[in-house]
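These protein sequence lines map, in sequence, to chains F and P.
Heads up: the first sequence begins at 888 in the numbering used here, then just goes up one per residue.
Heads up: the second sequence begins at 888 in the numbering used here, then just goes up one per residue.
A virtual CB, placed ideally from N, CA and C, is assigned to each residue, including glycine.
There are 2 protein chains.
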Amino acid sequence: MLDEKLTKNIGLRGVTVADSAISLVDGQAGRLLYRGFSIQELAQKASYEEIIFLLLAGAPPVDAAISQTREDLGRHRVLPKEIVAGLKSLPLNAGPMDVVQGVVPAFAATDSLCGSDDRQLVYQSCLRLISGFALAAAAWQRIRLGKEPVEPLPDPDISHAASFLHGMWGRIPTKGEAKLMDLLLILHAEHSFNASTFAVREVASTKAHLYAAISAGVGALSGPLHGGANARVMGMLLDIAELDKVETWVTERMAAKGRIMGLGHAVYKTEDPRAAILRQTAEKVLAGKKEEKWFRLCLEVEKVGRAKLKAEKNLEIYPNVDFYSSPVLYGLGFPIDMFPVFFAVSRVAGWCAHYLEERFAEAQPKPALYRPRANYVGRLCGTEGCPWIAHEQ
Amino acid sequence: MLDEKLTKNIGLRGVTVADSAISLVDGQAGRLLYRGFSIQELAQKASYEEIIFLLLAGAPPVDAAISQTREDLGRHRVLPKEIVAGLKSLPLNAGPMDVVQGVVPAFAATDSLCGSDDRQLVYQSCLRLISGFALAAAAWQRIRLGKEPVEPLPDPDISHAASFLHGMWGRIPTKGEAKLMDLLLILHAEHSFNASTFAVREVASTKAHLYAAISAGVGALSGPLHGGANARVMGMLLDIAELDKVETWVTERMAAKGRIMGLGHAVYKTEDPRAAILRQTAEKVLAGKKEEKWFRLCLEVEKVGRAKLKAEKNLEIYPNVDFYSSPVLYGLGFPIDMFPVFFAVSRVAGWCAHYLEERFAEAQPKPALYRPRANYVGRLCGTEGCPWIAHEQ
């Protein structure tokens, strides 16, 4: 009963569901634009605070807007005591993505603006959530190690990237570390209608509040096919472990019809521009460090994997963003199960932009509650004669 | 730039996204089938435990399956101490839907089977979550009133409905109360691809675990356009307050282009079969009680509202499930902000069935990660000449 129409809509591939002015992912040309600006230009020239303003407000930031955004983010660097108590109540072996998915709705109760229908107020809640979410994620990393969360740094001159690292490490990061985290945050902030962003918009379409929607996005990002992919790349690198084992590992993996993690992307048919930026960055920042090994391993997996995929399957496959972010995050000391959490800490900016767009778009016709159709392939008792047997209750 | 294709896909109306054998919502005929059985037949003859088995396993339950389901649900009636501590850490004014959305990922850490790729093990997690979710929802209602959660009753002869009411009230409900809650649970358990169920499937499509997906469903259900609707019906009834004010209220509401809550449904073009069942039930169970007043008010709003919509807009509008569930829930003593929580406690069965179907469907082609397209209507700096201004950082 699988009809032709259904086949076409598997995974909603190619089905346009809404207007969006937030980002353009041009898979053919390998181009990624945030609000019209190329990711390459932004990676070179912008800060994550500017990206937050750009994505949420829609306009390139002028000086006053940047100062205001920095001030707002700094002012919102508060971990309410209820959030800390909630984090401390969790089993220490709780998955970090489960922890941060659950913490988002808890923030709702501590936000007096929560549930507002006024775009400006929801915008403020977005900044509050972006700040608080990073703090809560960082705090969990400390709590599960038996440490106390650190007192957040409200100083607007301390970047969001530095605040996040400080929250985990308990020390103010070096300029280089903060700059690297800033770049990572910029590169992961937004990527049009992927699975998690669409989950956020799906929930927003019911007019649920910001926190309900963002929590759903975290849930989708936690999937191994989505935000869990960077952790799986690192798992692969650790499994291969040595440069001279790459050839054998890739051969065996392909013989077993397994995927080479981090190679290939559902949308990009050429190189993911974020991967190219991260490859360059990784080469520079890991040079001479002990983690350089993992970067070298990446290069080799890319070379061998691409050549074999070309030779055996005639496929031109390129690394995606998860591929080269892995050695960089590992080099920054992130535990592997915090890789997807880092991803969420960055992507929350894009999710917030999509929440605002879904709820307050000026487009006509207005977006409606997402309610697709199922192709019913089940039993039909009326015609098939299958009476329900009543049982003792 | 709104193209024709997009216009057609607003809210994904009419877009078939997957096969499903779980339920059929026939909006034209006003028919609702769970696994092929009509909701009328199930409401008369089945228990909620049987519905759980029917939805999750796909087959009508034989005696052994019912006993096993009852035993499993009873055995899983445990509130881990971490969950109770987490609930107690929340501000007492936290929205109950936020609380239960956040509690679902917390359950993940207390389930040793969480994250399994084995359908049978995930099935067990489903039963565990169905039991635990109702207990946590009930516990929150006590905690926010300053009471201690009650010790759950593992006895499999105590129905899920009775266990839920016991969890809130601290006393074992009468047979009549338990039977009424059982009916309410049956009627709300499943409704094909609505917004929350689609959110669950969206998250499941990333291979995220059960708890991540169900939490997203709760988030979507919390929206005023979705599961929040029953609370808004009751708000309307309390606002009207008196039978002789219905005419004026409806007239003013329509003049202000406001909706009459609980009338009309996006899918049913005739009467929602659940509304008809609940109208009959409400008449019976509320007769002679002080809450009968709200049922009488419903009848009058239905009569006046339908007549006016017919006369002024030539629309045939019928009540939906939220309309008559409101006086019944109110009669059972539910606070209004717990109406959507009750809905979630019931719907978690349908969500679990959809999670299992999305993850383990045998259909070919396999469902893929849901990733629709956006129609990009934003800035294009390459051609429009809008250079990024680098700022001091």
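Item	Value
K1094(F) touches chain P at which residues, Cβ-Cβ below 9 Å?	G1110, P1111, L1112, H1113 and G1115
Give me the subset of the stretch 1068 to 1091 of chain F whose CB atoms are less than 7 Å from a CB atom of chain P, sorted by chain position.	S1079, F1080, N1081, A1082, F1085, A1086, E1089 and V1090
Output, in chain order, the set of chain F residues within a Cβ distance shorter than 9 Å of K932(P).	W1275, I1276, A1277 and H1278
Run through DSSP, which three-state label would Y1211(P) get?	helix
DSSP three-state call for S907(F): helix, strand or coil?	strand
My assumption, with CB atoms under 8 Å, is that A1100(P) sits in contact with Y1242(P). Please give the rounded CB distance.	5 Å
For A1049(P), which residues in the same chain have their Cβ closer than 6 Å to its Cβ, ignoring the five residues on either side in sequence?	P1060 and A1065
Please name the residue or residues paired with A1261(F) in a DSSP beta bridge.	A905(P)
What residue range is occupied by the uninterrupted beta strand (DSSP E) comprising R918(P)?	R918 to Y921
Kindly say whether S976(P), judged by its beta-carbon, lies nearer than 7 Å to any beta-carbon of chain F.	yes
Please confirm whether F924(P) has its beta-carbon closer than 7 Å to some beta-carbon of chain F.	yes
Kindly indicate which three-state DSSP category F1247(F) falls into: helix, strand or coil?	helix
Check each candidate in R1161(P), Y1217(P) and A1240(P) and name the one with the smallest Cα separation from K1177(P).	Y1217(P)
Determine, using beta carbons only, whether P978(F) and A996(P) come nearer to each other than 7 Å.	yes
Is the beta carbon of G973(P) closer than 7 Å to that of E973(F)?	Looking at the sequence itself, residue 973(F) is Gly, so the reference to Glu does not match. Contact: yes.
Between C1268(P) and L929(F), what straight-line distance do the alpha-carbon atoms span, to the nearest angstrom?	12 Å
My assumption, with CB atoms under 8 Å, is that L1112(P) sits in contact with T1093(F). Please give the rounded CB distance.	5 Å
Which residues, in order along the stretch 1227 to 1249 of chain F, keep a beta-carbon less than 8 Å from a beta-carbon of chain P?	none
Please list the partners that T997(P) has in chain F, where partner means a Cβ-to-Cβ separation under 8 Å.	P978
Which residue from G1151(F), G1104(F), I953(F) and E1244(F) puts its Cα closest to that of P1299(F)?	Summary: the structure shown does not reach residue 1299(F), with chain F confined to residues 888 through 1280, and so no result is reported for it.
In whole angstroms, what separates the C-alpha of V1009(P) from that of G1192(P)?	46 Å
Quick check on R1031(P) - is its C-beta less than 7 Å from some C-beta in chain F?	no
Do the CB positions of G961(P) and F994(P) come within less than 7 Å of each other?	no
Compare the C-beta of G1013(P) against all C-beta atoms of chain F and say whether one is closer than 7 Å.	Position check: residue 1013(P) holds Cys in this sequence, whereas Gly was assumed. No, its Cβ sits nowhere closer than 7 Å to a Cβ of chain F.
Any idea what DSSP makes of D1131(P), helix, strand or coil?	helix
Can you list the residues of chain P that D1126(F) reaches, using a CB-CB cut of under 9 Å?	Chain P residues near D1126(F): none, gap ~19 Å exceeds 9 Å.
Per DSSP, what kind of secondary structure is L1150(F) in: helix, strand or coil?	strand
Taking 7 Å as the CB-CB limit, is P1214(P) close to chain F?	no
Which word fits E1038(P), buried or exposed, when buried means at least 16 other C-beta atoms lie within 10 angstroms of its C-beta?	exposed
Is it true that the CB of V1090(P) sits closer than 7 Å to the CB of A856(F)?	With chain F covering 888 to 1280 only, the question about residue 856(F) has no answer from this structure.
Would you grab the beta carbon distance between I1073(P) and Y935(P) for me? Rounded to a whole angstrom, and I think it's under 8 Å.	5 Å
Which of the three DSSP states is assigned to F1221(P) in this structure?	coil
With a 10 Å radius around its C-beta and 16 neighbouring C-beta atoms as the bar for buried, classify D1005(F) as buried or exposed.	exposed
I'd like to know if the stretch 1215 to 1235 of chain F and the stretch 1069 to 1088 of chain F are in contact, where contact means that at least 3 CB-CB pairs between them fall below 8 Å.	yes
Could you check whether the Cβ of E1189(P) sits closer than 7 Å to any Cβ belonging to chain F?	no
Between G1149(F) and V1137(P), what straight-line distance do the alpha-carbon atoms span, to the nearest angstrom?	59 Å
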